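Colleague:
In this note's numbering, the protein residues as written are 2 to 52.
1) What is the rounded straight-line gap between the Cα of residue 19 and the Cα of residue 7?
2) Compare the Cα-Cα distances from residue 11 to each of 40, 37, 45 and report the closest residue.
3) Output the boundary residues of the alpha helix (DSSP H) element that contains residue 46.
4) Output yes or no for whether 9 Å exceeds the beta carbon distance between residue 48 and residue 15.
5) Whose C-alpha, out of 50, 3, 5, 13, is nearest the C-alpha of residue 28?
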């Protein structure tokens with residue numbers, strides 16, 4: 002039988018700006034914004050996009 006874990010999910014770091022602004026930046030500056038985030042946070046980072 003499987004056991005449930007209580008460990009919290011840990012996402013990689015990312016910008017702390019609102020989702021709407023993150024989404025707008027990705028739409029307006031696609032590669033530039035993602036490249037800038039990659040330089041700042043490394044090869045793995047979290048984006049919170051409005052869906």
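Built from N, CA and C at the ideal position, the CB exists for glycine as well.
Please read these numbers as outputs of a predicted model, since none were measured by experiment.
Modeller: By the coordinates alone:
1) Residue mapping note: residue 19 aligns to position 18 of the chain shown, counting from 1. Residue mapping note: residue 7 aligns to position 6 of the chain shown, counting from 1. For residue 19 and residue 7, the distance between alpha carbons rounds to 28 Å.
2) Taking the first residue of the chain shown as 1, we reach residue 11 at position 10. Considering only alpha carbons, the answer is 45.
3) Within the chain shown, the letter at position 45 stands for residue 46. Where residue 46 is concerned, there is no enclosing alpha helix (DSSP H), given that its DSSP letter is neither H nor E.
4) Your numbering for residue 48 matches position 47 in the chain shown. Your numbering for residue 15 matches position 14 in the chain shown. In contact: residue 48 and residue 15 (Cβ atoms closer than 9 Å).
5) Walking along the chain shown from the start, residue 28 turns up at place 27. Nearest of 50, 3, 5, 13 to residue 28, Cα basis: 50.
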